[in-house]
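> In the working numbering, the protein residues as written are 118 to 363.
Cβ coordinates follow ideal geometry from the N, Cα and C atoms, glycine included.
Next up is a structure, given as structure tokens.
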Amino acid sequence: MLPNLPDAFTALVTGASGAIGDAVVGALLADSRPARVIAVSRRPRPGDLADARLTWLEADVEREAGRRAIAETLADTPLHLWFNAIGILHEGETFPEKRLEELDEAALQHLYRVNAITPALLLQALLPALKGQHPALVASLSARVGSIEDNRLGGWYGYRASKAAHNMLMRTAAVELRRLNPQSCVLCLHPGTTDSALSRPFQARVPKGKLFTPAFVAERLLEVIGQRRAEESGSFWDWAGDPIPW
Numbered sequence: 118m119l120p121n122l123p124d125a126f127t128a129l130v131t132g133a134s135g136a137i138g139d140a141v142v143g144a145l146l147a148d149s150r151p152a153r154v155i156a157v158s159r160r161p162r163p164g165d166l167a168d169a170r171l172t173w174l175e176a177d178v179e180r181e182a183g184r185r186a187i188a189e190t191l192a193d194t195p196l197h198l199w200f201n202a203i204g205i206l207h208e209g210e211t212f213p214e215k216r217l218e219e220l221d222e223a224a225l226q227h228l229y230r231v232n233a234i235t236p237a238l239l240l241q242a243l244l245p246a247l248k249g250q251h252p253a254l255v256a257s258l259s260a261r262v263g264s265i266e267d268n269r270l271g272g273w274y275g276y277r278a279s280k281a282a283h284n285m286l287m288r289t290a291a292v293e294l295r296r297l298n299p300q301s302c303v304l305c306l307h308p309g310t311t312d313s314a315l316s317r318p319f320q321a322r323v324p325k326g327k328l329f330t331p332a333f334v335a336e337r338l339l340e341v342i343g344q345r346r347a348e349e350s351g352s353f354w355d356w357a358g359d360p361i362p363w
């Protein structure tokens, strides 16, 4: 797993209690190479996670205090992998829009805050641990519908736009981070349709064989991350290892 990282690497997973985040934490702990796995969630640590290498941090990363808590937990430790699994498609009254008439200002702001602004501010908070000369992989979940070139169906205005904004923020950060750490690699990832609370209202329309388990998605995404090189920083990939146009 992750041959582009050294032995005894430090990994951070934000959104650790979601379906994909939880599976990534499990996959990392199932491997002997990580020296430390920091899992961040607003929820308490699950009772079945008992590994001396795991630090479970209960924090709200949408708030500055939560992001500061992560930085303080890392202290002066170089960070080798940050896997960001935070994101929303629907929540409460917020649901993907099919028509312009359905746009709602508050819902749009919330989608932008969670899907784009928070990952960028997390990257800002983690910058001291990513700078240097060590391999540093940043992998943040996006979505194929965030591709402007690939948008042929329309709809889902807020989710599409917030993921497109996420992609631009990550790509822009990749340019800066490359100057601060030549071994850094920032990636946007499309996980495919995962069997999770996020996709549940839409699963009836998923083609047979295209609804993936979280464990499968975690395995595939970690493999894709492990294949990437520093010169590919600022790129967009799907779970199968195929590039996605911006």
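What residue does the alpha helix (DSSP H) around HIS283 start on, and which one ends it?
Taken as a continuous stretch (DSSP letters only), the alpha helix (DSSP H) holding HIS283 covers 274 to 297.
> Can you give me the C-alpha to C-alpha distance between ASP312 and ALA136, rounded to a whole angstrom?
Cα to Cα, the separation comes out at about 8 Å.
> By DSSP, does LEU166 sit in helix, in strand, or in coil?
Of the three classes helix, strand and coil, the one that applies to LEU166 here is coil, per DSSP.
> Rank ALA147, PHE329, PRO161 and VAL154 by C-alpha distance to the C-alpha of PHE200 and give the top, closest one.
Comparing Cα positions, the closest option is VAL154.
> Run through DSSP, which three-state label would ALA242 get?
Helix at ALA242.
> Nearest to GLY275 by CA position, among GLY263, ASP267, ALA242 and ARG269, is which residue?
Out of GLY263, ASP267, ALA242 and ARG269, GLY263 has the C-alpha closest to the C-alpha of GLY275.
> Nearest to PRO123 by CA position, among LEU206, PRO308, MET287 and GLN300, is which residue?
Answer by Cα proximity: GLN300.
> Okay, do the stretch 201 to 213 and the stretch 164 to 177 touch, 3+ Cβ pairs below 8 Å being the bar?
At 8 Å Cβ cutoff, the stretches do not touch.
> What did DSSP end up calling HIS227 once you bin it into helix, strand or coil?
In this structure, HIS227 counts as helix in the three-state DSSP scheme.
> Can you list, in chain order, the residues of its chain with a C-beta nearer than 6 Å to that of LEU297? Leave out the 5 residues immediately preceding and following it.
Contacts found: LYS248.
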